[in-house]
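Take a look at the structure below.
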Amino acid sequence: MAERSPTAAPGGPFSAIESTTGSEASAAREASSIRLKGIRKEYPGGVVALESVDLDIRAGEFFTLLGPSGCGKTTLLRMLAGLDEPSGGTLSIGGVDVTDTPPHKRSVNTVFQSYALFPHLSVRDNIAFGLKMRGMARAEREQKVVEIAGFIKLGSLVDRRVDQLSGGQRQRIALARALICEPDVLLLDEPLSALDAGLRSQLQVELLRTQKRLGMTFVFVTHDQEEAMVMSDRIAVLSDGIIQQIGTPQEVYERPANLFVARFMGHDNLFPISAREGATVQTPIGALETEDKSEGEVALIRPETLELTSPGAPSAEPGKRLNTLMCRVVERFYRGSNVEYRLSHQNGEQHSELIAEISNTGDRLFRVGDEVKVEIYPEDVIMLSDDEEGA
Amino acid sequence: MSQVDVVWRRRRRLETRHLLVSVLPGALWIFIFLVLPSAYLMSVAFMTNGGFGQPQLPLTLDAFRSLAGFGFLGWSPGNLYTLWRSIFQSVISLGLVVLVAYPVAWYISLCRPRLRAIMLLAVVVPSWTNQVIRAFGWMNLLSPGTPLSTLAENMGLIAPNMGLFPSDFAVTLGLVYNFLPFMVLPLYAAFEKLDHAQIEAARDLYASPLRTFFVAVLPQTLPGLLAGSVLVAIPAFGMYVIPELLGGGRSQMLGNLVASQFGEAANWPLGAAGALLMLLATLLGLVILRRMGRRLGGGTEMVI
């Protein structure tokens, strides 16, 4: 994203005429990095919502705050908007300290979870609201509304009343209302959580494309790890008011920092380690070879890294020492592009369950009750510490 | 005709009969005790006043003429003053009630749930006492020589030894006090449903705290405000007890005029004409409020 979107024009980033305003764009991007230092939030009564959060969000980044409800992600977002005051720490946007700046003086706009459109105003007036508050002349506002309506493809929606809109339409109006102000940072508080699955994935794509075209910094809050992975440049996983891990979706999914992150990212193949000797760890499914040299109390094996073959078949990679287990198929979930097998493994007295996700390449599928040979590459056995940050 | 049609027809006939039976008592009640007396009252307004105060034929517009101030001795503005005072008092007290009730209702809605119930009770309980008794209470507080009157005297607000009661001021105060709960309750209901996200959205979209109030708080509480206005302004306009007791005969309102014509002045046609005027003025007020509600509410019905 070195260049601003090719659709940018002198009239604003939403108009359709082409132009190159690279220097202006990079200046704008400078203004939109975020730095949080030691941000705390403590409510009266001693409830701590956030515990000393340090966070750097880069300009032009799609950054996601991910975590279960009550983890403090929404509080953090509200602080960026200025709707909540931190109990301690500093917050700067574009290098300027805005810790004590009231919300109406911050160049930050929010798409609220409930959308919070003004029901007594027309859709048009809703969209133009921020511009009006900033004192923009009527004619110019109307022009901007036309531009943004074209940009987000609102079509005839702008002529409707708010109560005539569906959930997805409201979401887009709320987005238009925030984007039209051309803020340094756009905040999105679970904007898709109230929508059904189909519409949701469609709007995910739209939102992502919008962000890439504008090169605007987006801070997105969600509790849905798949949504976070699809959308984000980087993700911060929060739990109990503490950041557990910051990284790209790939880092967070493939190398979770601890057991909490692993569980939250949807990993099930987690096996406590009872002993370790060199590259060999003892787990309930037997001794496993690992290439991970880090300390850890739990072994993680991602379901898509398992190789499944018939018991007599040759190794997936002859000449390499793979971990090999014999399992029985307990359940099979056919998902089209891939197949999920629930496997049971008996290691003496120890009974364990494994989950394998095999991409559907058209090979013969295993049936429930089949005996299968499971092979695990040593580099796919990952060590996790079981204590989360701050716990 | 099919079997089903026959069944349906019988069923509909039965339903019609049920409906008639259930609605009839209420309809009769309203007809006998509301429609007929109102029609009689209206007809009285067009009759002549007899020598012994009895309404009689022929039908004339005499009552309206004397209501407008034309009497034996030529024109006098007394009745117009009374009409003006009614309008003035109800509008002023409505304004004051809103000024007091709005922050009170807002504050109550922000309290803890248990405290809310107690505070609402505190607002409502005084109105369980008889209006007359409460008016007497105010007399005791405002008459000459009481601390409040002395204070007002010392501040030079009133002439010496006059007291705050009886006066127009006492009437306004009485009206505000009397109608406060009728404004607090609908406003509280509106504040309880307040969508705080809208307030935050306005703040987020560069609205100052004051503009946020006008764009995100006031429109949301407008239905409560208008409903409260109807509940306050209309009874205040026709109020009889408070001006009678706290005005001391000097601050007559339309209700007092009507009452005296049916009582000691013994001019029923004039009283009926006054009542008719009151009814028309009330309807006009309602139409105005309704228009306002529709305009401010973006086309949706807000009042009645």
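Going down the list, the sequences are from chains A and B.
The numbering of the first sequence is the numbering used here, which starts it at 13 and goes up by one.
The numbering of the second sequence is the numbering used here, which starts it at 77 and goes up by one.
Where a beta carbon is used, it is the ideal one built from N, C-alpha and C, also for glycine.
Limits of the unbroken alpha helix (DSSP H) element including residue i
i	result
E229 (chain B)	P223 to N230
N155 (chain B)	G154 to L186
V80 (chain B)	Q79 to I106
P284 (chain A)	Run containing P284 (chain A): none in the alpha helix (DSSP H); it sits in the beta strand (DSSP E), L282 to P284.
I160 (chain A)	R150 to F163
T288 (chain B)	P285 to T288
I318 (chain B)	V317 to L322
V135 (chain A)	V135 to M145
F148 (chain B)	That residue, F148 (chain B), is in no alpha helix (DSSP H); it is neither H nor E in DSSP.
Chain-order list of residues whose beta-carbon lies under 6 Å from that of residue i (same chain, five-residue window excluded)
i	result
N155 (chain B)	L143 and G145
W182 (chain B)	F267
P7 (chain A)	There is no way to answer for residue 7 (chain A), as the model of chain A reaches only from 13 to 403.
T32 (chain A)	The pLDDT assigned to T32 (chain A) is 40, lower than 50, so where the model puts this residue is not dependable; a value taken from the coordinates is nonetheless given after this. Here the set comprises nothing.
S371 (chain A)	N350
N335 (chain A)	L300, E301 and I388
Residue i and residue j closer than 7 Å at C-beta
i	j	result
V293 (chain A)	A311 (chain A)	yes
F74 (chain A)	F276 (chain A)	no
L77 (chain A)	V65 (chain A)	no
R146 (chain A)	Y282 (chain B)	yes
S203 (chain B)	P285 (chain B)	no
K85 (chain A)	V233 (chain A)	yes
V247 (chain B)	S327 (chain B)	yes
Q216 (chain A)	V242 (chain A)	yes
E387 (chain A)	A291 (chain A)	no
A206 (chain A)	G180 (chain A)	no
I258 (chain A)	N281 (chain A)	no
T87 (chain A)	A71 (chain A)	no
F255 (chain B)	V173 (chain B)	yes
V110 (chain A)	R136 (chain A)	no
Neighbourhood of residue i by C-beta, 7 Å cutoff - its chain only, sequence neighbours within 5 removed
i	result
F140 (chain B)	A349
E63 (chain A)	R52, G253, I254 and G402
Y265 (chain A)	M241 and M277
N237 (chain B)	P220
Distance, residue j Cα to residue i Cα
i	j	result
P319 (chain B)	Q132 (chain B)	31 Å
K385 (chain A)	G298 (chain A)	14 Å
G239 (chain B)	Y316 (chain B)	22 Å
I108 (chain B)	P242 (chain B)	40 Å
R86 (chain B)	A103 (chain B)	25 Å
G332 (chain B)	L270 (chain B)	Note that residue 332 (chain B) is Asn in the sequence shown, not Gly. Going from the Cα of N332 (chain B) to the Cα of L270 (chain B) covers about 41 Å.
K300 (chain A)	V393 (chain A)	Note that residue 300 (chain A) is Leu in the sequence shown here, rather than Lys. Near 8 Å, if we compare the C-alpha coordinates of V393 (chain A) and L300 (chain A).
L199 (chain A)	P315 (chain A)	34 Å
R221 (chain A)	S213 (chain A)	12 Å
Y157 (chain B)	L95 (chain B)	49 Å
R89 (chain B)	S78 (chain B)	17 Å
G227 (chain A)	S244 (chain A)	13 Å
E202 (chain A)	D81 (chain B)	55 Å
L137 (chain B)	L353 (chain B)	13 Å
L249 (chain B)	P153 (chain B)	26 Å
P134 (chain B)	F148 (chain B)	19 Å
Q155 (chain A)	R225 (chain A)	20 Å
M123 (chain B)	P345 (chain B)	6 Å
R354 (chain A)	D280 (chain B)	48 Å
I139 (chain A)	A357 (chain B)	41 Å
S35 (chain A)	L219 (chain A)	Low local confidence applies: a pLDDT of 44 at S35 (chain A) is under 50, so the model's placement there is unreliable, and no value is given.
D236 (chain A)	L377 (chain A)	30 Å
I106 (chain B)	L112 (chain B)	9 Å
L250 (chain A)	D398 (chain A)	16 Å
Element boundaries [beta strand (DSSP E), containing residue i]
i	result
F230 (chain A)	T229 to T234
S64 (chain A)	V59 to I69
I255 (chain A)	I254 to G259
F130 (chain A)	It is not in any beta strand (DSSP E) - F130 (chain A) carries neither H nor E in the DSSP assignment.
M338 (chain A)	N335 to Y346
I234 (chain B)	Here I234 (chain B) belongs to no beta strand (DSSP E), and DSSP marks it neither H nor E.
R350 (chain A)	Reading off the sequence, residue 350 (chain A) comes out as Asn, not Arg. N350 (chain A) -> beta strand (DSSP E) spans N350 to N359.
F75 (chain A)	F74 to L78
Closer than 7 Å to chain C by CB, residue i
i	result
L249 (chain B)	This model lacks chain C altogether, as its protein chains are A and B.
Sequence-distant residues of its chain with Cβ nearer than 8 Å to residue i (five each side left out)
i	result
L117 (chain B)	A348, A351 and L352
G167 (chain A)	A161
G126 (chain B)	Q132
Notebook entry, point to check: If we count Cβ pairs, one from each stretch, closer than 8 Å, do we get three or more for the segment 191–206 of chain A versus the segment 121–131 of chain A?
Noted result: yes
Notebook entry, point to check: Would you call the segment 293–309 of chain B and the segment 159–175 of chain B in contact, with 3 or more CB pairs under 8 Å?
Noted result: yes
Notebook entry, point to check: Do the segment 285–302 of chain B and the segment 129–137 of chain A meet, that is, are 3 or more Cβ pairs less than 8 Å apart?
Noted result: yes
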